[in-house]
Each structure stands twice: as structure tokens, then as C-alpha cells.
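According to the UniProt record's numbering, the sequence shown is numbered sequentially starting from 1.
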Amino acid sequence: MTDSVEVAITSEASGQLWSVSVWDTVTGSQLMTYKGGGVCGNHAVALVGSDYIIGAEKTKPLLHVWPVNSSEPSHDLRTVCPGLIGALAVSPNGKFIVAGIGEKIHVWQVEAGRLMGVAARHFQPITCIRFFEDGSHFVSAGEDGMVCVWSLKYLTATDNGHLEAIHSFSDHYLAVKDVYVGSGGSRSRIVSVSLDGSCRVYDLSSGKLLLSLVVDGENLTSVVADVLESSLFLGCNSGDILHVSLCDKPRQLQCHLTEEEKESVFKGHTKTVTALSSSQDASTLLSASADETVRLWHIESKQSLRTIQHKGQVTNAFLTFLPSQIFAEKMKPNIVMHRLQRVNDSAHSSELSVEISVLNELVFTPMFETEGYSISQVDLSKDPSATSEETSYHKKQMNLLQKKNLELFKLASEKIFNGVCDSRKTESVPSLIDINKCLQLVASKSLDISQSVHMNSEDSPIVRNPESEGKSRKAKKKKRARIVHDISD
């Protein structure tokens with residue numbers, strides 16, 4: 001157990017003891033380890049809501065999924081991808097997973113596991129993917145120096161009619177290593193850093209370049225901003241972390257970092273800074289490096305608070321709120337996750353996904369599959385997006401379906417009876433049987449018989465007469481004797 005509100009999630013390149021680990025930022029103790037996932041690549045570890053952790057292997061086209069309360073991966077959810085995953089991200093609501101496989105972007109729906117779309121805009125492998133705070137858009141960056149902004153709505157359209165990026169920025173001339181996306185919805189800012197030593201700030205709504213900051217003599221490898229977005233932290237290939245204020249003084253569109261700003265640096269790492277993350281209270285900075293360490297810094301004093309040693313190069317590190325079910329013995333997931341598809345439904349027509357809407361309360365059960373058909377249940381009464389019109393519409397559809405099924409049953413029964421009649425060629429059986437009349441006749445006859453039996457048993461019971469029964473038996477014997485005598489004569 002821990003009293004920390006925020007925890008650090010990291011992964012390393014050795015993979016000797018674990019694939020992903022959760023750390024207490026206050027004490028530096030290890031809270032949870034996730035094994036069996038190999039070595040996760042850079043920007044290839046993410047949380048799915050607060051229920052699962054996903055990680056993509058660096059050398060194999062495999063995507064592993066761990067429940068937050070289990071150290072072993074789920075074999076039912078492990079996915080074999082079309083290629084090596086260079087970067088991945090999960091939408092803030094945990095409903096969609098976006099992965100960069102080579103130069104292409106793949107979008108999956110988590111609850112159904114369906115591949116919603118594949119888009120291509122980059123010319124070289126994708127290195128980083130980040131979602132906006134509201135989950136409506138995401139940004140991708142690649143080794144070709146391009147930064148692209150995508151609309152999740154267009155990419156997940158059923159007809160795949162719009163697979164083009166909303167904005168494409170090609171101001172960097174070397175590989176883009178990291179991207180930061182701010183808050184503010186359509187007014188968000190995008191910050192990218194590249195090995196060409198430049199940091200560029202863009203506006204989402206207009207797609208314009210707001211600032212181009214050049215750091216002479218450095219290769220920038222990571223970037224993050226504080227919660228207020230008043231300061232930028234730039235990780236360098238040398239191990240230094242530069243602190244750049246965006247509120248001190250007006251800047252030109254293109255400018256170089258001054259000598260005074262170069263002195264505002266966090267020193268401690270000896271190799272490339274691979275990841276940066278800022279706490280929600282804007283007081284702590286987390287950094288990861290190829291020197292096999294993760295450091296926690298006090299932002300105002302630029303002093304190192306704690307160092308967490310790893311066994312290999314740290315590939316992923318970020319701060320997040322402590323998952324609520326990480327210490328639970330039995331997890332009750334808020335998100336139902338299924339294995340991700342390798343191909344789109346439109347290209348694989350043998351598989352059909354059916355969603356059945358019901359109105360009663362459901363108990364969580366995994367999706368079941370039968371001969372290529374998969375059925376999932378959605379509770380409309382629990383869905384806040386379901387309106388009264390949608391509920392009434394589904395009720396009408398269910399009633400209509402019941403009527404159609406009854407008509408099909410009657411038709412099939414008539415065909416069966418008519419076939420039997422035609423085969424026997426008897427006049428006693430009619431050529432066409434009305435099922436409803438037959439059922440009514442049987443019911444009425446049954447009622448008459450039961451009523452008559454009931455009346456005989458109660459009102460007028462039958463009394464046996466031994467003398468009359470004996471006389472009838474004697475008469476039958478005499479009749480049989482006369483028949484035998486006549487035959488003998």
C-alpha cells in the first residue's frame with residue numbers, strides 16, 4: 001500500500017526482472033511489477049483507463065495486456081500485430097488505442113477489439129503518438145521530421161471516407177523524438193522536439209507555427225510542459241534538462257536560446273534523456289535516461305529529490321494517478337477489453353460483430369465467439385448517451401422481430417404438414433391445415449374431456465353391479481361356444 005496520489009510507471013531495455021513497473025514517488029519503493037512482456041520500446045507503454053496496462057515489444061510484433069492487479073499478462077488479450085509497433089497511445093476515456101506500425105497508423109476500438117481504420121501519411125517509421133485532453137484528436141510524429149494532427153472521428157468512420165491528416169507540419173529536417181500536447185480542446189498547443197536541435201510550438205485550431213526555438217549544440221530528445229503551460233522542459237542528448245519560460249518576455253517567431261536560459265538546467269543524468277513527465281501540482285519533474293536511472297526533481301530549486309536505479313536503459317517513464325484497483329484481489333473492470341483484430345472488418349467478411357442492446361441490468365461476462373460471429377451486450381439503461389427515443393425504437397424493433405419469428409414458425413409448420421399430406425395421398429387429411437384452428441380445436445376438446453371426467457367423478461359417480469357383470473360374461477362364453485360348434489359341423 002502507499003499514500004502517494006501519483007505514481008511513476010517505467011520500463012527498461014534489459015527485461016531481466018520485469019517488463020513494466022510501478023513506483024512510489026515519495027519513498028521510491030516498487031509497488032507492482034508486470035512480467036512476461038519482453039522489452040517494451042520507447043513510447044510503447046500506456047494505461048487503458050485505470051484497469052489495464054498495455055506494452056508493445058521492441059523486437060517482436062506483440063502487444064501485451066496486464067490487468068493492473070496482476071503481474072502476469074492476459075494470454076486471451078495478447079495481440080499479434082501486422083508489424084513492429086514504434087509508438088502507441090490510448091484515448092483519455094480508454095475507448096480507443098492508436099499505434100504506429102511502420103509508417104502507418106492503426107486505430108482500434110477497445111471494447112470490441114475492432115480495427116477501425118488504417119491511415120498513412122508518414123514516409124518513415126512513427127516515433128511518437130499523443131492524444132489531446134478531450135480525446136477528439138491525436139498527434140503523430142516520425143523519423144521523417146513530420147508532425148501530423150488527426151481527427152479520431154474521421155478515422156473511426158465506418159466508411160473510412162476521410163483518412164487524411166487535418167494538419168501536417170514539416171518544419172523539422174531530422175527525426176522528431178517527442179511531442180507534448182497541451183490542454184484546451186480546439187485551442188490546444190502542440191510542442192515538438194527534434195534531433196535538429198529545434199523546439200516548435202503549433203496552434204491546433206489554425207495550424208500555424210507560434211514559436212520556433214533553437215538550442216545550439218544540442219539534440220533534443222524529449223519535452224514536457226508544466227500544468228499551466230508557462231514553462232517547457234527540454235531533454236537533451238547530453239543528459240541535461242533545459243528549463244525554458246514562456247512568460248518572461250516576448251519572443252520572435254524564430255529565436256535562439258540565450259546564454260542565461262542555457263544556465264537554467266537540471267544536471268544529473270550522464271546520457272540521453274529518454275522521457276519527461278510533470279506532476280499535477282507543478283512541483284515535481286520526472287526524468288528518465290539511458291544511464292539506467294529515473295530521477296525526481298524539485299522544479300523550483302532544480303534539486304534531485306530521488307533516484308530510482310534500473311537494470312538497463314529506461315525506455316518509458318511517466319507520472320499518473322494511482323490506479324484504484326491495483327491492490328484489489330479481484331478486479332471489476334470499468335472497461336471491457338477484447339483481443340485486437342489484425343485486419344479490418346471490410347477486408348475480412350467472414351467475421352461479423354453484432355451488438356445487442358438490452359434494457360435489463362447485465363453482469364459482466366467476456367464476449368463469446370461462435371464460428372466467426374461475436375456478440376457483445378450493451379446496457380442502454382446504464383448508457384448516459386442513450387435517449388428515450390432510442391430506447392423506444394429498440395423496443396419496437398424487438399416486438400417486430402418477435403412477430404416475424406412467429407410468422408416464420410407458422411409458415412414452416414404449414415409446409416411440414418402439407419408435405420406429409422401430399423406423401424400419404426389421403427382424402428381424410430385436408431390439403432391445407434390452419435395451425436390456429438388446430439390449436440383451438442385441441443384446446444376445446446381437451447377442455448370438454450376434462451370437464452366431463454370431472455362431472456362424472458363428482459356429480460354422478462359410476463357404481464359397479466357384480467350380478468350384471470357376471471351375466472354378461474356368461475353370455476359371451478355361450479356365444480363363443482356356438483361359433484366353435486358351427487365351425488366343427
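Built from N, CA and C at the ideal position, the CB exists for glycine as well. Fair warning: this is a prediction, and the values are worked out from it, not measured in the lab.
Chain B contact for residue i (CB, 7 Å cutoff)
| i | result |
| --- | --- |
| P61 | Of the chains in the structure shown, none is chain B; there is only one protein chain. |
Residue i vs residue j beta-carbon contact at 7 Å
| i | j | result |
| --- | --- | --- |
| A282 | Q313 | no |
| T156 | M116 | yes |
| V39 | N316 | no |
| E143 | A175 | yes |
| I85 | A56 | yes |
| G37 | H75 | no |
| S287 | L319 | no |
| S192 | V147 | yes |
| S231 | S245 | yes |
| S11 | V20 | yes |
| L340 | G113 | yes |
| H172 | S194 | yes |
| V110 | M337 | yes |
| S188 | F132 | yes |
Which listed residue (the options) has its alpha carbon closest to that of residue i
| i | options | result |
| --- | --- | --- |
| G145 | D178, D248, F138, A8 | D178 |
| V22 | S186, A112, A8 | A8 |
| A225 | T293, L209, I190, V65 | I190 |
| K271 | F131, N418, G235 | G235 |
| K311 | A13, V5, E6 | A13 |
| Q254 | Q280, E292, V201, S278 | V201 |
| S324 | S29, S50, N42 | S50 |
| R130 | S183, Y154, V20 | S183 |
| A328 | L220, M398, L63, M32 | M32 |
| W66 | V193, F318, I326 | I326 |
| V90 | P82, P73, V139 | V139 |
| P125 | E133, A87, E111, W108 | A87 |
| Q30 | K415, I308, N344, M398 | I308 |
| P82 | R342, A475, K403 | R342 |
| I105 | A141, E133, K332, L77 | A141 |
| T293 | E300, L305, I299, S301 | L305 |
| V181 | E164, G197, V227, L163 | V227 |
| S198 | K302, H256, W150, D248 | H256 |
| F321 | S238, S279, V273, I299 | S279 |
| Y154 | D196, V107, D134 | V107 |
| K134 | I299, N93, L163 | First, the amino acid is wrong: residue 134 is Asp here, not Lys. The option with the nearest alpha carbon to D134 is N93. |
| G28 | S392, W297, L62 | W297 |
| L47 | L406, L408, P333 | P333 |
| V26 | S413, K249, R295, E300 | R295 |
Nearest-angstrom Cβ-Cβ length linking residue i and residue j, presumed shorter than 8 Å
| i | j | result |
| --- | --- | --- |
| L242 | S264 | 7 Å |
| S186 | L209 | Contact flag wrong, Cβ pair sits at about 17 Å. |
| S71 | K35 | 6 Å |
| S136 | L152 | 6 Å |
| V68 | I53 | 6 Å |
With 16 other Cβ atoms within 10 Å as the buried cut-off, status of residue i
| i | result |
| --- | --- |
| V80 | exposed |
| H454 | Annotation note: pLDDT 45 at H454 (below 50); position unreliable, no value reported. |
| E260 | exposed |
| G41 | buried |
| T127 | buried |
| G15 | buried |
| F123 | exposed |
| G217 | exposed |
| H269 | buried |
| F266 | buried |
| P73 | buried |
| D24 | buried |
| residue 498 | For residue 498 there is no data in the structure shown, the boundaries of the chain being 1 and 489. |
| L17 | exposed |
| P366 | Confidence in P366 is poor, its pLDDT being 41 and thus under 50, which makes the residue's placement unreliable; the coordinate value appears in the next sentence. Exposed is the call here. |
| Q451 | In this prediction, Q451 has a pLDDT of 49, which is less than 50 and means its spatial position is unreliable; nothing more can be read from the coordinates. |
| L411 | exposed |
| T274 | buried |
| H43 | buried |
| A475 | exposed |
Practice problem: Write down every uninterrupted run of the alpha helix (DSSP H) in the segment 188-235 whose length is 4 residues or greater and which is fully enclosed by it, in chain order. | Solution: Correct list: empty.
Exercise. Please list the segments of the alpha helix (DSSP H) lying wholly inside the segment 248-283, counting only runs of 4 or more residues, in order along the chain.
Key: Here the runs fully enclosed are 259-262.
Quiz item: Which residue spans inside the segment 90-170 form an unbroken beta strand (DSSP E) run of at least 3?
Solution: List check, beta strand (DSSP E) in window: 96-101, 104-109, 114-120, 126-131, 137-142, 147-151, 167-169.
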